[in-house]
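Trainee:
2 protein chains.
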Amino acid sequence: MSNFTYNKVTPELVEQFEAIAPGKVITGDSINPDYAKDEMPIYGTGAPEVLIEATSTEAVSSIVKLCYEHSIPVVPRGAGTGLTGAGVAHQGGVMIDMTKMNRILEYDMENFVVRVQPGVLLNDLAEDAQKRGLLYAPDPGEKFATLGGNVATNAGGMRAVKYGATRDYVRAMTVVLPTGEVVKLGATVSKTSTGYSLINMLIGSEGTLGIITELTLKLLAKPAADISLIIPYENLEECIATVPLFFLNHLQPQALEFMEREIVLSSERYLGRSIFPQEHDGVEIGAYLLVTFDGDSAEALESVVEKAAEVVLEAGAIDVLIADTPAKKKDAWAARSSFLEAIEAETKLLDECDVVVPVNQIAKYLTYVNGVGEKYDFAVKSFGHAGDGNLHIYTCSNDMEEDEFKRQVDEFMWDIYRKAQEVGGLLSGEHGIGYGKMTYLSELSGPVSMRLMEGIKEVFDPKMIMNPGKVCYPLEAK
Amino acid sequence: MSNFTYNKVTPELVEQFEAIAPGKVITGDSINPDYAKDEMPIYGTGAPEVLIEATSTEAVSSIVKLCYEHSIPVVPRGAGTGLTGAGVAHQGGVMIDMTKMNRILEYDMENFVVRVQPGVLLNDLAEDAQKRGLLYAPDPGEKFATLGGNVATNAGGMRAVKYGATRDYVRAMTVVLPTGEVVKLGATVSKTSTGYSLINMLIGSEGTLGIITELTLKLLAKPAADISLIIPYENLEECIATVPLFFLNHLQPQALEFMEREIVLSSERYLGRSIFPQEHDGVEIGAYLLVTFDGDSAEALESVVEKAAEVVLEAGAIDVLIADTPAKKKDAWAARSSFLEAIEAETKLLDECDVVVPVNQIAKYLTYVNGVGEKYDFAVKSFGHAGDGNLHIYTCSNDMEEDEFKRQVDEFMWDIYRKAQEVGGLLSGEHGIGYGKMTYLSELSGPVSMRLMEGIKEVFDPKMIMNPGKVCYPLEAK
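Chains A and B supply the protein sequences, listed in that same order. Going by UniProt numbering, the first sequence opens with residue 1, and the numbers climb by one from there. Going by UniProt numbering, the second sequence opens with residue 1, and the numbers climb by one from there.
#1: Which of the residues in the region 156 to 175 of chain A, read from start to end, lie with their CB under 8 Å from any CB of chain B?
#2: From the DSSP secondary-structure annotation, give me the bridge partner or partners of A:I211.
#3: Which residues mark the beginning and the end of the beta strand (DSSP E) in which A:H392 is found?
#4: Under a Cβ-count criterion, where at least 16 other Cβ atoms within 10 Å of its own Cβ denotes burial, should B:I322 be classed as buried or exposed?
#5: Within 10 angstroms of the Cβ of B:H280, are there 16 or more other Cβ atoms? Answer buried if so, exposed if not.
#6: Which complete alpha helix (DSSP H) runs does the region 44 to 73 of chain B hold, if anything under 4 residues is left out?
#7: Look up A:E352 in the DSSP assignment and say whether it is helix, strand or coil.
#8: Report the option in B:H385, B:C353, B:E374 whose CA atom is closest to the CA atom of B:N360.
#9: Tell me which same chain residues have a C-beta within less than 6 Å of the C-beta of B:N467, skipping the five on either side of it?
#10: Confirm the yes/no value for this check: CB of B:E404, any heavy atom of the ligand COA, distance under 8 Å.
#11: Find out if the Cβ-Cβ distance for the pair A:R77, A:M98 is shorter than 9 Å.
#12: Check A:K470 in the structure and name its three-state DSSP category.
#13: Establish whether the CB of A:G373 and some CB of chain B are separated by less than 9 Å.
#14: DSSP state of B:Y365, grouped into three classes?
#15: For my contact list, A:M173 and A:E214 are in at a C-beta cut-off of 8 Å; report their separation, rounded to the angstrom.
#16: On the DSSP bridge list, what partners appear for B:M259?
#17: Mind pulling the chain A residues with CB within less than 8 Å of B:N390?
#18: By DSSP, does A:A187 sit in helix, in strand, or in coil?
#19: Measuring straight from C-alpha to C-alpha, what distance separates B:Y288 and B:A309?
#20: Given 8 Å as the limit, is there contact between the region 383 to 402 of chain A and the region 344 to 351 of chain A, that is, 3 or more CB pairs closer than that?
#21: Quick check: A:T146 and A:G164, are their CB atoms within less than 9 Å of each other?
#22: Please list, in chain order, all residues of the same chain as B:I231 whose beta carbon is under 7 Å from its beta carbon, the five residues on each side excluded.
#23: Taking just the CA atoms, how far does B:R132 sit from B:V182?
#24: For B:E476 and A:V372, I'd like the C-alpha separation in whole angstroms.
#25: Excluding sequence positions up to five away, which residues of its chain have a Cβ less than 6 Å from the Cβ of A:D461?
#26: Apart from the five residues on each side of it in sequence, which residues of its chain come closer than 6 Å, Cβ to Cβ, to B:D139?
#27: What did DSSP end up calling A:E374 once you bin it into helix, strand or coil?
#28: Give me the Cα-Cα distance between A:S193 and B:A89, rounded to the nearest whole angstrom.
#29: Against chain A, does B:Y68 count as a neighbour if the rule is that its beta carbon must be under 9 Å from one of theirs?
#30: On the DSSP bridge list, what partners appear for A:M95?
#31: What residue does the alpha helix (DSSP H) around B:Y417 start on, and which one ends it?
#32: Around the Cβ of B:L105, are there at least 16 other Cβ atoms within 10 angstroms (buried) or fewer (exposed)?
#33: Taking the alpha helix (DSSP H) that residue 480 of chain A falls in, what are its first and last residues?
#34: The beta strand (DSSP E) with B:Y107 in it runs from where to where?
#35: Establish whether the CB of A:M413 and some CB of chain B are separated by less than 9 Å.
#36: For A:K478, which residues in the same chain have their Cβ closer than 7 Å to its Cβ, ignoring the five residues on either side in sequence?
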């Protein structure tokens, strides 16, 4: 095993990059400092030595080949909206900015797929598909992430409960490997058993196994109608206890989110208006479900809503508010979409975990987390995807000093990650491991799984140049 | 890289196996010759030196550890219904028979999963789930395969068009690695981004990366109603040209199969009765679609059937026959299910390919295949999953000599595999690579993908003992 020493980018190499990508190479202090971090700067910052704007598969391949030859770290970068430090050049080297490869190349209406460049924003594809009567089903909270980044983290989102995560919508991809070689994986087909599933290895590999330069994504016919419900409860336990009842009653929500009172209040302060009810007949609301159903017609949804209302009211819901106009739906979901920004606006330092637990363990797990949280000086705010067990638990520093905050948070995180595993869950539902969660992954996955992951990393990347120090990394290199 | 020499099983080792699995060890001529082949004996036969019945994860782990230590090949074996030679001990060694680990362990109705041992037959889980109002969605043609085998090949089946392949229903698994170490992969959650997706590497790896000893599988609520249609056409081209229209018209069939006249005749000879119409108003039927729709109620399906009938009749269908009673549905699908047996009954030697091509390329591709087939002495019979582009193309020897048959078939297969790739398809839709299709995989995937697969194989299996010589295999070992 090599010892993975990296070289610095020399002026000669910069010239060679410039020859490959004329006018697209930026160096040193001319690089915008935004490229030195993602949305979770607590996981450390680091500027690349060189920033290169990608224009084609061929250009990316040529750049990576040079980096491979000269043992220079390469970090692929999307919109920088990640939450784990995966897109940050902690070790310097070359950052390849994929955001300008942002063309929707071709809709194939007979096979229900779309071919896109990886820098297309989720929001842009979602809106464009909708205009054509199509649905790109994955719906991660951050709409201004790139699709390449979505695939690299296997982003999940609101509709995963019904439609699955990004992984389920990737039919094919073009990838530049760490050696600079180009491979095409997958095809425009919905099933295959053609050797080991390399495409599934790339999905969720967070830019450590290769750079995605083209994607073929599955589309669905757009549902004819949808309707959202806001369902208030007196407390979180009753709220979460309702979740399995949707499935047991054959109701298939498109989205099923929960939120605690405090985070809704934060969000309403942030947005400057009140959307969710805060009390009902003198009872203070403690938690909410936000549910969307979709279907073939508004009529078909009526009976679904009726049944759902019956089920939740019997299970202790205080009320059922129906958002059946575009404006009402937009309001309800605007509150949900602004949670992260709302939290950011009110706190100095932030850390988060996005564990995923079995749906029937959510209530028990959150009660545990809130109990543990009381031992610490930071505030704990939770929301998440009740339908699929993916919880977003934020620790907010208030006025704590950074060192003390980090010390307390680390202790808290170890506790709640171990508990998540104990109840049958996993470390990350959709944000990934990146840089910030490697220690947790290493301990929770155990030495055998880590050895396999590290081995796979070396097969793809013998010189360990591709997004080094992320997800998993052989000990010798640390 | 080692040179992968394997040792023979010694009497001392047999004693050690017997100590691990008392009464479950069979050697030499006492092994039933059925274990020396699968359903496609044309890919070669080979008896294991020792056959051991698996009883637990721990026993499998202990056996594999011994084999690893002594460099003895290990072949995991399900029901032996494979079609590529993947479950055959071409190199001798130890075969581990998983069929007696066949208990359905636990339904978890709050998380919609079932925990099973890998030897449970597909048919047994499907029926048991149905009794509980649940649907195990994957529906491969061979109902008496084991679930472990289904996962190992990522088996597809009839309902993949609507519900996806086996891969999409595997939540978690316990695996004995080639080293004998035991790992648990995945969890009872519907999304995760927790490091490289090792579980997706195991799915479809055909017993070359580890032995699955427990599975947690996703279930769905059973659809309240379903209905099947038999749709005759004058010729294959018109028949297949209809396929994209279902999707464009937002009809979502649960299953969408096509069949040519000749194979329907074979099947009716085999079953001894006629189910499909053979002519209509003096017009000879050349091809059929067999379609199933499912939904929330019989009423909801009525409008779907009405719309479907309108679409297909306008597109050239000769008639629409509705199978709306359990008996009629059973009859229609019995014909489809018996195709392979019907072909086997009428031919001495058989080879097959199960390419998958984009749905809008099926007609063009099959026309090409039938054209090429005319150059050869064997007969070509095709059927398949029109909804997902997965085609089963059988070459039937009639009275040809084996050597000549194999020679002609190999030429034919190279031709049609290359054409499948040219139209955007892949080598195997659901049967896998196994032993029979390694050369094709190697050429069609290209050297870079093969290097990655071979590297991954070595990471999991440094001594290359697990199902050696299947799927991919480093050159040094060949």
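The beta-carbon is built from N, C-alpha and C at its ideal position, and this holds for glycine as well. Keep in mind it's a predicted model, so treat the numbers as computed, not measured.
Mentor: On the basis of the data shown:
#1: G156, A160, V161, G164, A165, R167, D168
#2: Working through the first sequence from its first residue, we reach residue 211 of chain A at position 211. Paired residues: A:V176.
#3: The count along the first sequence starts at 1 and reaches residue 392 of chain A at position 392. Here the beta strand (DSSP E) through A:H392 covers 390 to 396.
#4: Here residue 322 of chain B is taken as the residue at index 322 of the second sequence, counted from 1. Exposed, since its Cβ has fewer than 16 Cβ neighbours within 10 Å.
#5: Along the second sequence, one-based indexing puts residue 280 of chain B at 280. With fewer than 16 other beta carbons inside 10 angstroms of its own, B:H280 counts as exposed.
#6: 57 to 70
#7: Along the first sequence, one-based indexing puts residue 352 of chain A at 352. The answer is strand: DSSP assigns A:E352 an E or B state.
#8: Within the second sequence, numbered from 1, the residue matching residue 360 of chain B stands at position 360. Residue B:H385 holds the alpha-carbon nearest to the alpha-carbon of B:N360 among B:H385, B:C353, B:E374.
#9: As a position in the second sequence, residue 467 of chain B is number 467, starting the count at 1. So the qualifying residues of the chain are V75, G207, T208.
#10: With respect to the ligand COA, the structure offers nothing, as it holds no ligand at all.
#11: Here residue 77 of chain A refers to the residue found at position 77 of the first sequence. Here residue 98 of chain A refers to the residue found at position 98 of the first sequence. Yes, these two residues count as a Cβ contact at 9 Å.
#12: The residue labelled residue 470 of chain A in the question sits at position 470 within the first sequence. Here A:K470 sits in coil by DSSP.
#13: Residue numbering aside, residue 373 of chain A sits at position 373 when the first sequence is read from its first letter. False, the Cβ-Cβ gap to chain B never drops below 9 Å.
#14: Position 365 of the second sequence, counted from the start, is the residue given in the question as residue 365 of chain B. B:Y365: helix per DSSP, three-state reduction.
#15: In the first sequence, the residue the question calls residue 173 of chain A occupies position 173. In the first sequence, the residue the question calls residue 214 of chain A occupies position 214. With 8 Å as the limit, A:M173 and A:E214 qualify as a contact, their Cβ atoms being about 6 Å apart.
#16: Your numbering for residue 259 of chain B matches position 259 in the second sequence. Beta-bridge pairing links B:M259 to B:Y288, B:F383.
#17: Here the question's residue 390 of chain B lines up with position 390 in the second sequence. Correct list: V189, K191.
#18: Taking the first sequence and counting its residues from 1, one reaches residue 187 of chain A at position 187. Correct three-state label for A:A187: coil.
#19: The sequence position of residue 288 of chain B within the second sequence is 288, counting from 1. The sequence position of residue 309 of chain B within the second sequence is 309, counting from 1. Whole-angstrom Cα-Cα distance: 14 Å.
#20: The region 383 to 402 of chain A vs the region 344 to 351 of chain A: in contact.
#21: Position 146 of the first sequence, counting from 1, holds the residue named residue 146 of chain A. Position 164 of the first sequence, counting from 1, holds the residue named residue 164 of chain A. Cβ distance not < 9 Å, so A:T146 and A:G164 don't count as in contact.
#22: Locating residue 231 of chain B in the second sequence gives position 231, where the first residue counts as 1. Once the five neighbours on either side are set aside, the close Cβ partners of B:I231 are Y288, L289, V291, V312, A317, V320.
#23: On the second sequence, position 182 is the one that residue 182 of chain B refers to. On the second sequence, position 132 is the one that residue 132 of chain B refers to. Cα to Cα, the separation comes out at about 32 Å.
#24: For the purposes of this step, residue 476 of chain B is identified with residue 476 of the second sequence, where counting begins at 1. For the purposes of this step, residue 372 of chain A is identified with residue 372 of the first sequence, where counting begins at 1. At B:E476, the pLDDT of 46 sits below 50, so the modelled position is not reliable; the number obtained from the coordinates is stated separately. Roughly 55 Å separates the two Cα atoms.
#25: Locating residue 461 of chain A in the first sequence gives position 461, where the first residue counts as 1. Excluding residues within five positions, the ones whose Cβ falls inside 6 Å are P178.
#26: Position 139 of the second sequence, counted from the first residue, corresponds to residue 139 of chain B. If we look at B:D139 and ignore the five residues flanking it on each side, its Cβ neighbours are G157, M158, R159.
#27: Position 374 of the first sequence, counting from 1, holds the residue named residue 374 of chain A. The answer is coil: DSSP assigns A:E374 none of H, G, I, E or B.
#28: As a working note, residue 193 of chain A is residue 193 in the first sequence. As a working note, residue 89 of chain B is residue 89 in the second sequence. Answer to the nearest angstrom: the Cα atoms are 21 Å apart.
#29: Along the second sequence, read from residue 1 onward, the residue named residue 68 of chain B stands at position 68. It does not: the Cβ of B:Y68 has no partner Cβ on chain A nearer than 9 Å.
#30: Position 95 of the first sequence holds residue 95 of chain A. Partner(s): A:L51, A:V75.
#31: Along the second sequence, read from residue 1 onward, the residue named residue 417 of chain B stands at position 417. First-last of the alpha helix (DSSP H) with B:Y417: 402 to 422.
#32: On the second sequence, position 105 is the one that residue 105 of chain B refers to. With fewer than 16 other Cβ atoms from the protein chains shown falling within 10 Å of its own Cβ, B:L105 counts as exposed.
#33: Because chain A here runs from 1 to 478, residue 480 of chain A falls outside it and cannot be looked at.
#34: Position 107 of the second sequence holds residue 107 of chain B. Per DSSP, B:Y107 belongs to the beta strand (DSSP E) from 104 to 108.
#35: Position 413 of the first sequence, counting from 1, holds the residue named residue 413 of chain A. Output row for A:M413: interface = no.
#36: As a position in the first sequence, residue 478 of chain A is number 478, starting the count at 1. Confidence at A:K478 is low in this model, with a pLDDT of 40, below 50, so the placement of that residue is unreliable and no value is reported for it.
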